[in-house]
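Trainee: Encoded as structure tokens, here's the structure I'll be asking about.
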Amino acid sequence: MPERVVKEDAGEHLARADERLLEVDELADCAIVDEDVGRIPTRVERPRVVGSAVSAVQDPWMAWRLGTVVAALALLLALPGVAAEAKTPPLIEEVIVTAAKREQSLYDVAASLSVFAGDHLGDRGIADLVDVGKFVPNLNVTTFSAGHTSSANPFVRGIGMQDHLITTDPGVGVYVDGVYLGRQVGQHWNLANIERIEVLRGPQGTLYGRNSIGGAINIVTSAPGTDPGTRVRVRLGSRGRIDAAVHHDGHLSDVAAVTLSGGITRRGGVGEFVNIPAANRDVGEMRELSARLALAWQPLPALVLRLVADANDGDSGLNPYTTLIDEVPGAVFAAGYRNADIAADPYDNNTGQANQVRVTNAARGVSATAEWSFAEGLTARAIGSVRRSEYTAGLDDDGFIDDFLSFPERGA
1 MPERVVKEDA GEHLARADER LLEVDELADC AIVDEDVGRI PTRVERPRVV GSAVSAVQDP
61 WMAWRLGTVV AALALLLALP GVAAEAKTPP LIEEVIVTAA KREQSLYDVA ASLSVFAGDH
121 LGDRGIADLV DVGKFVPNLN VTTFSAGHTS SANPFVRGIG MQDHLITTDP GVGVYVDGVY
181 LGRQVGQHWN LANIERIEVL RGPQGTLYGR NSIGGAINIV TSAPGTDPGT RVRVRLGSRG
241 RIDAAVHHDG HLSDVAAVTL SGGITRRGGV GEFVNIPAAN RDVGEMRELS ARLALAWQPL
301 PALVLRLVAD ANDGDSGLNP YTTLIDEVPG AVFAAGYRNA DIAADPYDNN TGQANQVRVT
361 NAARGVSATA EWSFAEGLTA RAIGSVRRSE YTAGLDDDGF IDDFLSFPER GA
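Numbering-wise, the sequence shown is residues 1 to 412 according to the working numbering.
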């Protein structure tokens with residue numbers, strides 16, 4: 001198209017646009033008529049346009065470019081990625097944790113961390129720490145042997161401690177409401193009234209102190225009065241297994257609340273001591289009782305006091321530890337008295353410890369916590385606790401078929 005024709009068409013469109021602007025400007029000074037009141041001269045205020053946006057572009061080429069830019073911007077703003085971001089709720093529920101010794105969102109914690117909330121524990125059938133290890137990567141929790149309820153041995157990334165003696169320290173720290181469980185004995189207990197379980201992988205000595213080179217397991221129970229009501233859980237399984245727990249949460253007054261939890265676990269053995277007629281337990285037989293009482297009192301709006309008492313008892317069937325053969329040829333220890341039958345037949349459990357084919361454990365603990373919120377976002381907390389645990393198991397030191405040199409193994 002010739003350039004002269006383009007300029008004439010553009011000029012005609014610009015003239016018409018100016019005429020429309022003049023008509024609008026004339027209508028700016030008008031009157032509002034009310035039939036009842038009469039004619040009241042009123043000026044309608046509108047923003048003034050300095051000059052004419054159309055007449056300011058006299059060059060048709062510039063007018064065409066301006067239209068192209070406006071159309072491109074309109075199309076760009078219509079795209080989903082450029083449109084204004086709407087505040088939509090997250091697809092995954094936000095979880096608040098205290099793994100770093102302060103309340104944070106799970107997504108803000110700079111640590112390798114796995115968290116299970118209380119509802120998720122029940123949905124997955126998690127009843128103790130051994131069950132937790134089945135769902136957490138890099139975590140393996142075992143007992144000392146089949147049916148051995150006295151101790152739990154957590155390993156994180158292959159680091160932990162199998163020995164349960166009083167002279168050994170665990171490689172993974174286990175904490176319940178900030179209280180450190182310093183020995184494996186008593187850690188294998190029924191998980192009732194749990195708000196969440198946090199498993200931290202990797203060394204945690206900076207925040208959790210010694211004996212956490214492999215990691216830490218932080219168990220947080222529900223505070224009294226947070227979920228009033230009574231809940232019951234029952235699981236049945238093979239070999240006569242029954243796993244039952246009850247939890248009650250209620251208010252004593254406007255400033256006091258209490259929670260009471262109890263659990264029982266029973267299961268028959270996986271085998272019999274056929275060579276020990278007087279055995280009072282089967283191999284792997286498991287019996288466990290647990291109870292927990294928590295009281296909360298808020299004498300002041302900024303002060304909360306908590307008192308917790310817990311107990312755990314276990315009684316299981318376990319073959320006594322025996323010496324099969326001389327570790328060193330010619331050794332004086334048990335020379336000539338080793339159990340030749342056991343050495344010859346690995347399935348022969350004959351021992352002089354017929355009355356000790358069981359392992360028992362008892363764990364008790366009392367803790368007190370005071371929390372004072374002295375400023376917005378700042379809380380001071382003091383925790384004190386006393387714990388005691390002990391176990392008894394058969395130990396056949398001589399390895400002889402008769403009771404020559406043996407005594408029960410005890411620990412605390």
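Each residue gets a CB set at the ideal place from its N, CA and C atoms; glycine is no exception.
When DSSP labels each residue in this structure, what does His188 get in the three-state scheme?
Mentor: As a first step, residue 188 must be located in the sequence shown, where it is residue number 188. Residue state, collapsed to three classes: coil.
Trainee: Are three or more beta carbon pairs between the segment 241–257 and the segment 196–214 nearer than 8 Å?
Mentor: As far as the Cβ criterion goes, the segment 241–257 does not touch the segment 196–214, which means the pair count is below three.
Trainee: Which of the three DSSP states, helix, strand or coil, is assigned to Gly215?
Mentor: To locate residue 215, count along the sequence shown from 1; it is residue 215. Three-state DSSP puts Gly215 in a strand.
Trainee: Taking the beta strand (DSSP E) that Thr360 belongs to, which residues open and close that run?
Mentor: The residue you call residue 360 lines up with position 360 of the sequence shown. First-last of the beta strand (DSSP E) with Thr360: 358–375.
Trainee: State the beta-bridge partners of Asp315 as determined by DSSP.
Mentor: Position 315 of the sequence shown, counted from the start, is the residue given in the question as residue 315. Asp315 pairs with Arg287, Thr360.
Trainee: Does any C-beta atom of chain C lie closer than 8 Å to the C-beta of Thr265?
Mentor: Given the protein chain composition of this structure (a single chain), no chain C is represented.
Trainee: Across the segment 182–191 and the segment 251–259, are there enough close Cβ pairs to call them in contact, namely three or more that are closer than 8 Å?
Mentor: No contact exists between the segment 182–191 and the segment 251–259.
Trainee: Could you check how far apart the C-beta atoms of Asp315 and Arg358 are, in whole angstroms? I think they sit under 8 Å.
Mentor: Residue mapping note: residue 315 aligns to position 315 of the sequence shown, counting from 1. Residue mapping note: residue 358 aligns to position 358 of the sequence shown, counting from 1. Correct: roughly 6 Å between the Cβ atoms.
Trainee: Keeping to the same chain, check which residues put their C-beta closer than 6 Å to that of Val141; ignore five residues upstream and five downstream.
Mentor: For the purposes of this step, residue 141 is identified with residue 141 of the sequence shown, where counting begins at 1. Closer than 6 Å at the Cβ level, and outside the excluded window around Val141, lie Leu129, Val130, Gly133, Ala152, Pro154.
Trainee: What are the boundary residues of the beta strand (DSSP E) that Leu139 is part of?
Mentor: Working through the sequence shown from its first residue, we reach residue 139 at position 139. Start and end: 139–142.
Trainee: Could you check where the beta strand (DSSP E) with Thr206 kicks off and where it finishes?
Mentor: As a working mapping, residue 206 is identified with position 206 in the sequence shown. Here Thr206 belongs to no beta strand (DSSP E); instead the alpha helix (DSSP H) covers 205–208.
Trainee: How about the segment 371–380 and the segment 171–180: do they share at least three Cβ pairs that are nearer than 8 Å?
Mentor: Too few Cβ pairs lie closer than 8 Å, so no.
Trainee: Rounded to a whole number of angstroms, what is the C-alpha to C-alpha distance between Ile194 and Asp108?
Mentor: For the purposes of this step, residue 194 is identified with residue 194 of the sequence shown, where counting begins at 1. For the purposes of this step, residue 108 is identified with residue 108 of the sequence shown, where counting begins at 1. Roughly 23 Å separates the two Cα atoms.
Trainee: For Gly122, I'd like the list of residues in its chain whose CB is within less than 7 Å of its CB, leaving aside the five on either flank, ordered along the chain.
Mentor: In the sequence shown, residue 122 corresponds to position 122, counting from 1. These residues qualify, in order along the chain: Arg233.
Trainee: Between the alpha carbons of Arg157 and Pro137, how many angstroms are there, rounded?
Mentor: As a first step, residue 157 must be located in the sequence shown, where it is residue number 157. As a first step, residue 137 must be located in the sequence shown, where it is residue number 137. When rounded, the distance between both Cα atoms is 9 Å.
Trainee: Consult DSSP for Asp108 and reduce its assignment to one of helix, strand or coil.
Mentor: Walking along the sequence shown from the start, residue 108 turns up at place 108. Looking at Asp108 - three-state DSSP - the assignment turns out to be helix.
Trainee: Report the option in Leu236, Gly215, Ser389 whose CA atom is closest to the CA atom of Ser112.
Mentor: Walking along the sequence shown from the start, residue 112 turns up at place 112. Here the closest residue by C-alpha is Gly215.
Trainee: For Tyr391 and Leu307, what's the separation of their Cα atoms in angstroms?
Mentor: Position 391 of the sequence shown holds residue 391. Position 307 of the sequence shown holds residue 307. Approximately 26 Å between the Cα atoms of the pair.
Trainee: Taking only three categories from DSSP, how would you classify Gly458?
Mentor: What the structure shows of the chain is the stretch from 1 to 412, and residue 458 is not part of that stretch, so it cannot be assessed.
Trainee: Taking buried to mean at least 16 other C-beta atoms within 10 Å of its own C-beta, is Ile96 buried or exposed?
Mentor: The sequence position of residue 96 within the sequence shown is 96, counting from 1. Exposed, because fewer than 16 other Cβ atoms sit within 10 Å of the Cβ of Ile96.
Trainee: Closer than 8 Å by C-beta to Glu272: which residues in its own chain qualify, once you throw out the five before and the five after it? Chain order, please.
Mentor: For the purposes of this step, residue 272 is taken as the residue at position 272 of the sequence shown. If we look at Glu272 and ignore the five residues flanking it on each side, its Cβ neighbours are Ala279, Asp282, Val283.
Trainee: Can you tell me the Cβ-Cβ gap for Ile217 and Gly205, rounded? I've got them flagged as a contact below 8 Å.
Mentor: The count along the sequence shown starts at 1 and reaches residue 217 at position 217. The count along the sequence shown starts at 1 and reaches residue 205 at position 205. Not quite, the Cβ-Cβ distance comes to about 15 Å (not below 8 Å), so this is no contact.
Trainee: Is the beta carbon of Asp177 sitting closer than 8 Å to the one on Ser367?
Mentor: Within the sequence shown, the letter at position 177 stands for residue 177. Within the sequence shown, the letter at position 367 stands for residue 367. Yes, these two residues count as a Cβ contact at 8 Å.
Trainee: According to DSSP, is Gln132 helix, strand or coil?
Mentor: For the purposes of this step, residue 132 is taken as the residue at position 132 of the sequence shown. Per the sequence shown, residue 132 should be read as Val rather than Gln. Note: Val132 maps to helix in three-state DSSP.
Trainee: Taking Ala127 and Ala223 to be in contact with their CB atoms under 8 Å, please state how far apart those CB atoms are, rounded to whole angstroms.
Mentor: Residue numbering aside, residue 127 sits at position 127 when the sequence shown is read from its first letter. Residue numbering aside, residue 223 sits at position 223 when the sequence shown is read from its first letter. 22 Å between Cβ atoms; not a contact.
Trainee: Quick one: is Val386 buried, meaning 16 or more other Cβ sit within 10 Å of its Cβ, or exposed?
Mentor: As a position in the sequence shown, residue 386 is number 386, starting the count at 1. Exposed, since its Cβ has fewer than 16 Cβ neighbours within 10 Å.
Trainee: Could you check whether Arg196 and Phe116 sit closer than 8 Å to each other, using their CB atoms as the reference points?
Mentor: Here residue 116 is taken as the residue at index 116 of the sequence shown, counted from 1. Here residue 196 is taken as the residue at index 196 of the sequence shown, counted from 1. Closer than 8 Å, so yes.
Trainee: Using a 10 Å radius around the Cβ and a threshold of 16 neighbouring Cβ atoms, would you call Arg292 buried or exposed?
Mentor: For this step, residue 292 is matched to residue 292 along the sequence shown. It counts as buried.
Trainee: Taking 6 Å as the limit between beta carbons, can you name the residues of its chain near Arg48, skipping five residues before and five after?
Mentor: What you label residue 48 is simply residue 48 of the sequence shown in a count that begins at 1. In this predicted model, Arg48 has a pLDDT of only 44, less than 50, meaning its place in the structure is not dependable enough to derive any value.
Trainee: When DSSP labels each residue in this structure, what does Asp243 get in the three-state scheme?
Mentor: The residue labelled residue 243 in the question sits at position 243 within the sequence shown. In this structure, Asp243 counts as strand in the three-state DSSP scheme.
Trainee: According to DSSP, Asn280 sits in a beta bridge with which residue or residues?
Mentor: Translated into positions along the sequence shown, residue 280 becomes position 280. Answer by DSSP bridge pairing: none, since Asn280 is not bridged.
Trainee: If you reduce the DSSP assignment to three classes, tell me which class Gln298 lands in.
Mentor: Position 298 of the sequence shown holds residue 298. In the structure shown, Gln298 sits in a strand (DSSP, three-state: E or B).
Trainee: Kindly indicate which three-state DSSP category Ala309 falls into: helix, strand or coil?
Mentor: The residue you call residue 309 lines up with position 309 of the sequence shown. Reduced to three states, the DSSP call for Ala309 is strand.
Trainee: Going along the chain, which residues of its own chain have a beta-carbon closer than 7 Å to the beta-carbon of Ala84, five neighbours each way excluded?
Mentor: Looking up residue 84 in the sequence shown gives position 84. For Ala84, the predicted model reports a pLDDT of 45, less than 50, meaning its position is unreliable; a value from the coordinates is still stated below. Result list for Ala84: empty, nothing under 7 Å.
Trainee: Quick one: which unbroken beta strand (DSSP E) runs of 3-plus residues sit fully inside the segment 221–269? Chain order, please.
Mentor: As far as the segment 221–269 is concerned, its whole beta strand (DSSP E) runs of at least 3 residues are 229–236, 242–253, 256–267.
Trainee: Which residues does DSSP pair with Asn153 in a beta bridge?
Mentor: Residue 153 sits at position 153 when you count from the first residue of the sequence shown. Answer is Thr142.
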